[in-house]
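Structure record follows, encoded as structure tokens.
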Amino acid sequence: MAVTLEPCNHTGRTGPCAEAIVQAGVAKVVYANADPNPEAAGGAEYLRNHGVEVRHVPYPVPALEPWLTAVRNRRVSVTAKFAATLDGFTAAPDGTSQWITGEMARSWVHADRSRCDAIIVGTGTALADNPSLTARREDGSLYENQPRRVVVGKRKVPEGNLKRLGFEQYATPQEALDELWATGARHVIVEGGATLMRSVFELGVVDAVQAYVAPMLLGAGRGIVDGPLAGTLADAERYELDNIVAAGDDVLIQLRRKDD
5 MAVTLEPCNH TGRTGPCAEA IVQAGVAKVV YANADPNPEA AGGAEYLRNH GVEVRHVPYP
65 VPALEPWLTA VRNRRVSVTA KFAATLDGFT AAPDGTSQWI TGEMARSWVH ADRSRCDAII
125 VGTGTALADN PSLTARREDG SLYENQPRRV VVGKRKVPEG NLKRLGFEQY ATPQEALDEL
185 WATGARHVIV EGGATLMRSV FELGVVDAVQ AYVAPMLLGA GRGIVDGPLA GTLADAERYE
245 LDNIVAAGDD VLIQLRRKDD
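Residue numbering for the sequence shown follows this note's numbering, beginning at 5 and increasing consecutively.
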């Protein structure tokens, strides 16, 4: 048996995976990632003690990384996602932003939404764009898994897509993240706007960045964040390059938090 995560050794909604593997008569297990959850870890040792050959072959599994990060940090894993022009603007001076990126990039965003637990936007974005925050296929149909829709800010959100679809509102980013963790969320995507983006970066909780860069120039407009995050280069928070891939005419730059 080859698995991405070390078989668990605890009883939750189901019994221990390690025990089920032994009962099934599996002779050898190869796993890619050790379980960082102290309540569930120990499956490899249990298997060895019951005569199963076990090998740990470290191998990155991108789909598992947000969950691993969340469990290690005991908080939700946060991905900051934005689409910007080549010169770093998310909207033109008149506020227009649809569409900076092309169809392929937008379809990737919706696929990512279907794999996360929640989408978070600020009240400014909710009021200006009236977003649905759903995960949709190219034909407009909804993915089976839909993220929770979260708005951060104190301003009242009027009737619109969010109200019709159901949403949660919290006064601050920290309040939202704490409640999401407590209620089972492990990976959230922050989609803006600029005030919320600055807040989550200032909290130091952004574990990954998805930057969709479009081949266009504006020269002026609305930025990714609405104020400085550092006064000098030495104080800037740096991220490690994870991947760069073309999405039609756009480019997706994926970054991860730089280890200390």
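Glycine residues also receive a C-beta, built at the ideal position from the N, C-alpha and C atoms.
- Could you check what DSSP says for V61 in three-state terms: helix, strand or coil? If DSSP states are grouped into helix, strand and coil, V61 belongs with coil.
- Kindly indicate which residue of M5, P11, C21 and R52 has the alpha-carbon position closest to the one of I30. One point to set straight first is that residue 30 is Val, not Ile, in the sequence displayed. V30 has its Cα closest to that of M5, out of M5, P11, C21 and R52.
- Let me know the alpha helix (DSSP H) ranges lying completely inside the region 175-259, each 4 residues or longer, listed in chain order. With a minimum length of 4 residues, the continuous alpha helix (DSSP H) runs that stay inside the region 175-259 are 177-186 and 198-207.
- Message: Since M108 and A251 should fall inside the 8 Å C-beta cutoff, what is the C-beta to C-beta distance between them, to a whole number of angstroms?
- Response: Going by Cβ atoms, the distance from M108 to A251 rounds to 5 Å, so yes, they are a contact pair.
- Cβ neighbour criterion (16 or more within 10 Å) applied to T127: buried
- Query: What are the uninterrupted segments assigned as beta strand (DSSP E) that are 3 or more residues long and contained completely in the region 52-136, given in chain order?
  - Reply: 57-60, 81-89, 93-95 and 122-126
- Message: Considering Cα atoms alone, identify which of T73, Y63, C21 and P40 is closest to L51.
- Response: C21
- Name the one or two DSSP bridge partners that E172 has. V154
- Is the beta carbon of L90 less than 8 Å from the beta carbon of P135? no
- Is H191 buried or exposed, if buried means 16 or more other CB atoms sit within 10 Å of its CB? buried
- Task: Give the range of the alpha helix (DSSP H) segment to which A139 is assigned.
- Result: No alpha helix (DSSP H) holds A139; DSSP gives it neither H nor E.
- Query: Do T83 and Q214 come within 8 Å of each other at the CB atom, strictly closer than that value?
  - Reply: yes
- Query: Which of helix, strand or coil does DSSP assign to V30?
  - Reply: Secondary structure at V30: coil, using DSSP grouped into helix, strand and coil.
- Message: I need the DSSP call for A36, collapsed to helix, strand or coil.
- Response: strand
- Message: Do Y35 and H54 count as a contact pair if the criterion is CB distance below 8 Å?
- Response: No, the Cβ-Cβ distance between H54 and Y35 is not below 8 Å.
- C-beta contact flag for W112 and L256 at 8 Å: yes
- Task: Please name the residue in R141, G106 and I124 whose C-alpha comes closest to that of V154.
- Result: I124
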